[in-house]
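Novice: The numbers in this note's numbering rise by one with no breaks, and the one at position 313 of the sequence shown is 301.
Here it is, the structure in full.
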Amino acid sequence: MRRRTRQRSFASCTTPDLRFASRQKRAVKKEGSNRLRPEVESQLVSFLQTLARSSQAVLLLDYDGTLAPFLADRDRAYPYPGVALLLQEIVRNSRTRAVVVSGRDAGEILPLLNIHPRPEVWGVHGLQRLRTNGIMEMPRLDDRTLNGLSDADRWLDYLQLRHVAEFKAGSIAVHWRGLSESEAEDIRSRVLVGWRAIAENSGLNVLNFDGGVEIRSPQANKGDAVRAFLSEINPDTPAAYLGDDSTDESAFHAMQGRGLTILVRPTWRETAAQLWLKPPEELRDFLGLWLKACAEQDAFNGAHAPTISRTAR
Ligand SMILES: [Mg+2]
-11 MRRRTRQRSF ASCTTPDLRF ASRQKRAVKK EGSNRLRPEV ESQLVSFLQT LARSSQAVLL
49 LDYDGTLAPF LADRDRAYPY PGVALLLQEI VRNSRTRAVV VSGRDAGEIL PLLNIHPRPE
109 VWGVHGLQRL RTNGIMEMPR LDDRTLNGLS DADRWLDYLQ LRHVAEFKAG SIAVHWRGLS
169 ESEAEDIRSR VLVGWRAIAE NSGLNVLNFD GGVEIRSPQA NKGDAVRAFL SEINPDTPAA
229 YLGDDSTDES AFHAMQGRGL TILVRPTWRE TAAQLWLKPP EELRDFLGLW LKACAEQDAF
289 NGAHAPTISR TAR
């Protein structure tokens, strides 16, 4: 047993990159051959090699539609089975900073995701930043924005649609998931008649998303959140952004030249993302490979350490 360990350590010393690349290819094939498509496999191998050579990495994730399936009852939209566990192991491995970037209020994410240690969360499309120490940061909204949101709320009250609205700091979203197509279109058209005029007068943005429409402060979007976060870390740190919705496209653009971008969606659509994963199987495969890359490199470092020590002497 001891002899085998020495042999592995010696081989690792000679060609670590080639050995790791080979292991990653085997891992991708073994864990994902029935689920990951060949074009996804080939692009992931290269990224995982970079990931495993790095001491730190960043995993940026949208929540609804990406980590969790859409539900009409948003309060019960828990992650796909197995996803929270994989994310928790990735966070506990300590080489990856996991960051959730969501349209939801940041405070809603942690109870749904329920992983420890808690990840950082950027809420309301990046307007809020909930740090891992529990401190929430948010810019002060100006009077024009607040008055516009107040008018948007009054419009919903007039339409008697407040019960389908989500009220957030700096934003109001109307949801129609679970309703028929005609009911959804009826709500959408009535809401937009008022909201478009309010947005024009108050400088707010009206944003369509999968299953609803939102009126919100123009002070941030997910692309701004990604740029702000990446500006704080070493530019060589491997990073990936996973998202499903049109609101994630600004984040995909912000990641260009800076990291891997992945559309997570049951069906493909036009996108700026580089890869497409079908949830939940391919998402779990990807997270499993991410964890494996970090864990394998930890094992490699452990095996490598005695040799480095002997060389130093
Ligand atoms: Mg989403």
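By construction, the Cβ of each residue, glycine as well, lies at the ideal position given by its N, Cα and C atoms.
Predicted, not measured: the structure shown is a model, and the values here were computed from it.
Using a Cβ distance threshold of 8 Å, determine whether the region 204 to 215 contacts the region 109 to 119, with at least three qualifying pairs required.
Specialist: Contact between the region 204 to 215 and the region 109 to 119 is present, because at least three Cβ pairs lie under 8 Å.
Novice: How would you label R25, buried or exposed, when you count the other beta carbons within 10 angstroms and need 16 or more for buried?
Specialist: Numbered from its first residue, the sequence shown carries residue 25 at position 37. Result: exposed.
Novice: CB-CB under 6 Å to V71, same chain, minus the five flanking residues each way: which ones, in chain order?
Specialist: In the sequence shown, counting from the first residue as 1, residue 71 sits at position 83. Excluding sequence neighbours, V71 sits near L55.
Novice: Using only the alpha-carbon positions, how far apart do C1 and L263 sit?
Specialist: As a working mapping, residue 1 is identified with position 13 in the sequence shown. As a working mapping, residue 263 is identified with position 275 in the sequence shown. Below a pLDDT of 50, predicted positions are generally treated as unreliable, and C1, at 35, falls in that range; the measurement from the model is reported next regardless. Their backbone Cα atoms lie some 33 Å apart in a straight line.
Novice: Using 8 Å as the threshold, is the region 251 to 258 in touch with the region 227 to 234, meaning 3 or more CB pairs across them?
Specialist: Yes: at least three Cβ pairs fall under 8 Å.
Novice: Between which two residues does the alpha helix (DSSP H) holding Y66 run?
Specialist: By one-based count along the sequence shown, residue 66 stands at place 78. Here Y66 belongs to no alpha helix (DSSP H), and DSSP marks it neither H nor E.
Novice: Assuming the contact rule is C-beta atoms closer than 8 Å, N196 and S238 should be a hit. Round their C-beta distance to whole Å, please.
Specialist: Position 208 of the sequence shown, counted from the first residue, corresponds to residue 196. Position 250 of the sequence shown, counted from the first residue, corresponds to residue 238. With 8 Å as the limit, N196 and S238 do not qualify as a contact, their Cβ atoms being about 14 Å apart.
Novice: Given this structure, state the Cα-to-Cα distance separating R83 from A45, to the nearest angstrom.
Specialist: For the purposes of this step, residue 83 is identified with residue 95 of the sequence shown, where counting begins at 1. For the purposes of this step, residue 45 is identified with residue 57 of the sequence shown, where counting begins at 1. The alpha-carbon atoms of R83 and A45 are separated by roughly 6 Å.
Novice: Among all the DSSP beta bridges, which residues are the ones paired with M124?
Specialist: Here residue 124 corresponds to residue number 136 of the sequence shown, with the count starting at 1. BP columns for M124 point to L118.
Novice: Should the region 23 to 43 be regarded as contacting the region 58 to 77, the criterion being three or more beta carbon pairs within less than 8 Å?
Specialist: Segments in contact, no.
Novice: Taking 7 Å as the line, does the beta carbon of T259 fall inside it for any heavy atom of ligand 1?
Specialist: Your numbering for residue 259 matches position 271 in the sequence shown. T259: no, Cβ never under 7 Å from ligand 1.
Novice: Note down the Cα distance separating E77 from E284, rounded to an integer number of angstroms.
Specialist: Translated into positions along the sequence shown, residue 77 becomes position 89. Translated into positions along the sequence shown, residue 284 becomes position 296. Their backbone Cα atoms lie some 13 Å apart in a straight line.
Novice: Apart from the five residues just before and just after V201, which ones in its own chain have a Cβ nearer than 8 Å to its Cβ?
Specialist: Start at 1 with the first residue of the sequence shown, and residue 201 comes out as number 213. Within the same chain, V201 has close Cβ partners A161, V162, R176, V179, L180, W183, V194 and L195.
Novice: According to DSSP, is A208 part of a helix, a strand, or is it coil?
Specialist: Position 220 of the sequence shown, counted from the first residue, corresponds to residue 208. Coil, per DSSP.
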